[in-house]
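Residue numbers (the numbering used here), protein chains in the order written: chain Y, 9 to 264; chain H, 48 to 629.
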């Protein structure tokens, strides 16, 4: 089904509001979903996949497990990154401003690819920030790396398989965020190393082209996902009554 | 004389702040008072004023390319528009409407006309698609070729009597048109991606419709022409031998009505950076004008403008007791203002500031703001360029490293008005806002009486601010020191939205309306009027404290006038005196 980006954004926000996301968080979470969709990375499909889980989950607590000033480890009880995980990026940026480097590892975190949209926001605010996360199976782990540079609108994103051939552990529930103040990390050039298989690379230019296309043409959303989102958004609608029609909306004199 | 072609290009830096000269901007505490915002009038940089200057200066070509209406005026009409850069088409579907189904409410499901402004030309296949979806409005789906989607209903008393008069070879009574100055009322004008149409960024950088709401206003402008042509057409069909065309002066005197309810209210709370920009440009225009030194000629022109406003005010009718009182007082005080200007001996260099100061002390908010709008008419060279920067970047970003002490200081500095409310007093939380299941229409409920309190909308900025202030204070006490905001939010995620808003609006003084919208006695109609004044509305006619009818484009040049001399003085038209007609 064809929808505009603004329509998708508003519907996502209202759906997540309907799910009980707090003010501020439902906007941020929706914007991360829309960012992925707008930039060709299937935000709507991903959200559709996790909606049943989001609907059944309590808001997980973000707990601080370790903080030595330079490195922070947090856990979020296998909650979704959409459940306030963007604050981990904010914490990394804050630490970078304080001490030059902010390293935050967020454990027990699902749906980590949604962080891409938030990295773009951090960069817009003037932070250098990179995110790393791993998906896939042991020994077939896929590394995901996104780098966003201060004052750039868009990050660079790479997915690659670095198959060591041994007992490589795929840490599939940790998101590592690294923000820097005094130096910027550049995305590595595509490697021809035999053990590194580049699966996908999206440059800032390509993201920009995808974004412009989405603004221009809207996006296609699975009808089922759209209906689910509408249904969640409807949770915050109040059933109409004659009193609400007359008094709540306030028309007191007849039309002519 | 035909004005030189001028281009208005809307590409702008994010949230620019213009130079205002020697006079400072009015403080936010004064400007953002809800009652004052609800007393605003149209001004030179209201959107329809800007639009008409642009269309006239650039001599847009507008043709009725198709006018397939039956004897009742039902059928299809297409306007083809050539701007200097693009081709557009406005497609109008006119249909029979059961009188029982006629409603100005957003919850209506059928209308007299439905229309869409489209980018590019329309072929038969696309027209069929539009015909299937546009009349259904919210229930239909459109695509990004559609820039604006809207609908309108006839003003029955005016439409029927106008047709009747024209069919009989007479002109309609100007007196009646003075009471209701339009044949059609729009009830919603959708843009920015609604129901699948184009997102605003698609046209934001275009030279034609980059300014806020300009595509919507243009669509309404063309509906005005359609309303006249349709009435003439029906009159001709009814009495071919006797029917006459509407007198050109009456054509100009007819505008388009609009009926607006609470649906408009959340916009003003949810777009604070845009609201800030609109107010900032208006206040900058005012400050620039206040700094001008009048000549005898400009003083006389101001007096003439006041006389004109007095006359216009006498032709503004409303049955609303409060508004009628405001109008009466406006008329009386404008006479006082005229006399004051004639008699004052204040040096010219201080005259306009002295007028503003005098009006603050002695006259109502309606009068103060009318005088401000009139003052801007004197100095188009100082004002009109500000229309190009009415747009704003609307991203609100968290500043997570900000200290909680810093945020508290900002709260106490910028939100003292909000912190002054006592939310333990039930009177301050008497109302709640909710969204109805009927077309998601925003409505107001009485707490403890009406259902829906648990689904309250977040328009309670003052109360949220109080909550944030208390939570930050408690946090600092617990921690024994201020911390970066992010640490507070990790423990208190529900304050993220309001914290980010306070941070953002510290740099946008005119962003937040300074009122507790939950308090008993709140008049939401003030919110509606503020936005409508920026659109360019006149003749505010409240139907209740939550519902208002207005008129737009009354007095504006007709489509046929494009390319002719344009004085840009059309905005307070007086009832035409027709000579030898009728």
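Glycine included, C-beta positions come from ideal geometry on N, C-alpha and C.
What does a CB cutoff of less than 7 Å around residue i pick up in its chain, not counting 5 residues either side in sequence?
| i | result |
| --- | --- |
| residue 279 (chain H) | 213, 292 and 293 |
| residue 310 (chain H) | 153, 488 and 489 |
| residue 211 (chain Y) | 164 |
| residue 578 (chain H) | 311, 314 and 315 |
| residue 87 (chain H) | 416, 576, 577 and 580 |
Using 8 Å as the limit for Cβ to Cβ distance, is residue i near chain H?
| i | result |
| --- | --- |
| residue 163 (chain Y) | no |
| residue 190 (chain Y) | no |
| residue 244 (chain Y) | yes |
| residue 105 (chain Y) | yes |
| residue 13 (chain Y) | yes |
| residue 66 (chain Y) | no |
| residue 256 (chain Y) | yes |
| residue 62 (chain Y) | no |
| residue 31 (chain Y) | yes |
| residue 226 (chain Y) | yes |
| residue 70 (chain Y) | yes |
| residue 27 (chain Y) | no |
| residue 236 (chain Y) | no |
On the CB-based measure, 16 or more other CB atoms within 10 Å of its CB, does residue i come out buried or exposed?
| i | result |
| --- | --- |
| residue 366 (chain H) | exposed |
| residue 460 (chain H) | exposed |
| residue 332 (chain H) | buried |
| residue 235 (chain Y) | exposed |
| residue 408 (chain H) | exposed |
| residue 238 (chain Y) | exposed |
| residue 232 (chain Y) | exposed |
| residue 239 (chain H) | buried |
| residue 473 (chain H) | exposed |
| residue 33 (chain Y) | buried |
| residue 264 (chain H) | buried |
Compute the beta-carbon to beta-carbon distance between residue i and residue j, rounded to the nearest angstrom, for a pair I have assumed lies under 8 Å.
| i | j | result |
| --- | --- | --- |
| residue 106 (chain H) | residue 609 (chain H) | 6 Å |
| residue 182 (chain H) | residue 242 (chain H) | That belief does not hold up - the Cβ atoms of residue 182 (chain H) and residue 242 (chain H) are roughly 13 Å apart, past 8 Å. |
| residue 116 (chain Y) | residue 40 (chain Y) | So it is not a contact: roughly 18 Å between Cβ atoms. |
| residue 478 (chain H) | residue 567 (chain H) | 7 Å |
| residue 589 (chain H) | residue 370 (chain H) | 5 Å |
| residue 455 (chain H) | residue 98 (chain Y) | Not a contact, Cβ separation roughly 19 Å. |
| residue 232 (chain H) | residue 208 (chain H) | Between residue 208 (chain H) and residue 232 (chain H) the Cβ distance is about 16 Å, and since that is not below 8 Å, they are no contact. |
| residue 557 (chain H) | residue 326 (chain H) | 4 Å |
8 Å is my cut-off, CB to CB: does residue i come that close to chain Y?
| i | result |
| --- | --- |
| residue 244 (chain H) | yes |
| residue 594 (chain H) | yes |
| residue 241 (chain H) | yes |
| residue 60 (chain H) | For residue 60 (chain H), the predicted structure reports a pLDDT of 48, less than 50, and the residue's modelled location is therefore unreliable. The matter cannot be settled from this model. |
| residue 353 (chain H) | no |
| residue 591 (chain H) | yes |
| residue 586 (chain H) | no |
| residue 544 (chain H) | yes |
| residue 483 (chain H) | yes |
| residue 389 (chain H) | no |
| residue 308 (chain H) | yes |
| residue 519 (chain H) | no |
| residue 228 (chain H) | no |
| residue 488 (chain H) | yes |
| residue 313 (chain H) | no |
| residue 502 (chain H) | yes |
For residue i, collect the residues of the same chain with a Cβ closer than 6 Å to its Cβ; drop the 5 residues on either side in sequence, then sort them by chain order.
| i | result |
| --- | --- |
| residue 244 (chain H) | 189, 193 and 196 |
| residue 175 (chain Y) | A caution first: residue 175 (chain Y) carries a pLDDT of 47, below 50, which makes its placement in the model too unreliable to give a value. |
| residue 45 (chain Y) | 51, 52 and 227 |
| residue 141 (chain Y) | 120, 152 and 183 |
Sorted by chain position, which residues of the same chain lie with C-beta nearer than 8 Å to residue i's C-beta, five sequence neighbours on each side aside?
| i | result |
| --- | --- |
| residue 113 (chain H) | 123, 124 and 125 |
| residue 617 (chain H) | 99, 299, 602, 603 and 604 |
| residue 427 (chain H) | 91 and 615 |
So which residues on chain B does residue i lean against when the C-beta distance must stay under 7 Å?
| i | result |
| --- | --- |
| residue 102 (chain Y) | Looking for chain B here will not work: the only protein chains present are Y and H. |
Quick check for students: name the residue ranges of the beta strand (DSSP E) that lie wholly in the segment 186-218 of chain H, counting only runs of 3 or more. 193-201
In the segment 487-534 of chain H, which residue ranges form an unbroken alpha helix (DSSP H) of at least 4 residues, counting only runs that do not cross its ends? 508-526
Any chance you could list the alpha helix (DSSP H) runs of at least 4 consecutive residues sitting entirely within the segment 183-248 of chain Y, in chain order? 212-225 and 231-241
Jot down the residue ranges of each uninterrupted alpha helix (DSSP H) in the segment 355-390 of chain H, minimum 4 residues, whole runs only, in chain order. 368-390
Fully enclosed by the segment 556-600 of chain H, which beta strand (DSSP E) runs are 3 residues long or longer? For the segment 556-600 of chain H, whole beta strand (DSSP E) runs of length 3 or above, ordered along the chain, are 585-591 and 594-599.
Just list the beta strand (DSSP E) runs in the segment 121-167 of chain Y, keeping only unbroken ones of 3 residues or longer that don't cross its boundaries, in chain order. Fully enclosed beta strand (DSSP E) runs of 3 or longer: 136-145 and 148-156.
Restricting to runs no shorter than 3 residues, where is the beta strand (DSSP E) found entirely within the segment 115-183 of chain H? With a minimum length of 3 residues, the continuous beta strand (DSSP E) runs that stay inside the segment 115-183 of chain H are 122-129, 134-141 and 160-166.
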